[in-house]
Each structure stands twice: as structure tokens, then as C-alpha cells.
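Q: Here you go, one structure.
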Amino acid sequence: MVNSIQEHHNNEEIEVLRLQNEINQWKSELDFIEQEINFYLEILNSSIVKETKASNIDPKYLLNQFKDIEISNDKIKKACKRFQPKLEEKKECEDIQCDHAFLNEHVLLRLKIENYLSKVRTTKGLTFEFLRNVI
320 MVNSIQEHHN NEEIEVLRLQ NEINQWKSEL DFIEQEINFY LEILNSSIVK ETKASNIDPK
380 YLLNQFKDIE ISNDKIKKAC KRFQPKLEEK KECEDIQCDH AFLNEHVLLR LKIENYLSKV
440 RTTKGLTFEF LRNVI
């Protein structure tokens with residue numbers, strides 16, 4: 320759900336809406352990645368893959384990578400859920416230090432998600448290469 324900016328919103332409220340929308344987008348992407356992870360785990364656990372020796376990439380390695388990604392996905396989703404309600408508290412900030420604390424926490428979460436997404440892309444790329452050789 321995208322919260323739209325209204326004329327009556329002040330700068331602080333607009334900032335909170337922007338941050339909330341970004342977190343909602345992350346949560347949506349993490350939900351989809353969760354489905355992808357399950358799909359890849361099913362493929363990598365299939366008998367077709369287990370019987371194949373046609374690739375230089377170890378399917379067990381890929382399987383372990385996706386299991387790690389699954390654990391990270393869950394942790395990051397929980398971090399998003401914990402952080403999102405805190406944004407309402409940001410509206411109550413009366414000084415720069417308070418604002419910076421919320422923004423720094425948001426930036427750290429963003430960096431964690433960006434690093435996670437990079438690992439997901441790398442693992443999916445290796446999996447595509449592996450499957451291309453299997454099929």
C-alpha cells in the first residue's frame with residue numbers, strides 16, 4: 320500500500336511517508352524472493368538435478384546458498400517489521416539528533432537489504448548457469 324502525500328502534510332510527515340513506502344516496497348520484494356527461494360530449493364532438490372554431473376557448479380553449494388538466503392530473508396523481514404512502527408515516533412523528534420538516529424537506522428537497514436539483494440542476484444545467476452548446463 321502506497322501512502323500518498325496530501326497537501327496538509329508537513330515536511331516531517333512527508334519524510335515518514337517516504338520511509339514507510341520504501342519499507343513497504345522492501346517487504347513486498349522480500350515476500351517475492353521468499354517464493355523464489357522455495358522454487359529454487361525445489362528445483363535443486365529434484366531428482367533431475369541430483370542425477371546430473373553436467374556442470375562445474377556444485378548443486379549442494381547452491382542449495383546451501385539458498386538456505387542461507389532464506390534465513391537472511393526472514394531476519395531482514397523481521398527487521399523491517401520492527402523498524403516500521405518506529406517511524407511514527409520519528410514525528411515526535413524535536414531535535415536533529417533524534418532525526419539522525421532514525422535516518423541512520425533506516426540507512427543501515429537499506430544497506431543490509433542492498434547487500435542481501437546482491438547476494439540473491441549472484442546466487443540466482445550461478446543457478447541459471449547451472450540449470451542451463453543441466454537442461
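Positions in the sequence shown are counted from 1; adding 319 to them yields the numbering used here. Built from N, CA and C at the ideal position, the CB exists for glycine as well.
1. Residues in its own chain within less than 6 angstroms of Phe421 by CB, not counting five upstream and five downstream?
2. Looking only at its chain, what residues have a beta carbon closer than 8 angstroms to the beta carbon of Asn488, apart from the 5 residues adjacent to it on each side?
3. Distance check for Ser347 and Val321, CA to CA, integer angstroms please.
4. Whose C-alpha, out of Lys443, Ala398, Lys372, is nearest the C-alpha of Asn452?
5. Taking only runs of the beta strand (DSSP E) that begin and end inside the stretch 365 to 391, which ones reach a length of at least 3 residues, in chain order?
6. For Lys386, which option in Ile454, Leu450, Glu448, Thr442 has the closest C-alpha, if you only look at C-alpha atoms?
7. Measure the CB-CB distance between Lys438 and Ile395 and report whether it falls below 8 angstroms.
A: This is what the structure holds:
1. Your numbering for residue 421 matches position 102 in the sequence shown. Excluding positions up to five away in sequence, the list reads Lys409.
2. The structure shown does not extend to residue 488, since the chain spans only 320 to 454, so no value can be given for it.
3. As a first step, residue 321 is located in the sequence shown; it is residue number 2 there, counting from the start. As a first step, residue 347 is located in the sequence shown; it is residue number 28 there, counting from the start. Unreliable positioning characterises Val321 in this predicted model, as indicated by a pLDDT of 46, which lies under 50. The coordinate reading is nonetheless provided below. For Val321 and Ser347, the gap between their C-alpha atoms comes out near 12 angstroms.
4. Walking along the sequence shown from the start, residue 452 turns up at place 133. Considering only alpha carbons, the answer is Lys372.
5. List check, beta strand (DSSP E) in window: nothing returned.
6. The residue you call residue 386 lines up with position 67 of the sequence shown. Closest in alpha carbon position to Lys386, among Ile454, Leu450, Glu448, Thr442, is Thr442.
7. As a working mapping, residue 438 is identified with position 119 in the sequence shown. As a working mapping, residue 395 is identified with position 76 in the sequence shown. Not a contact, by the Cβ cut-off of 8 angstroms.
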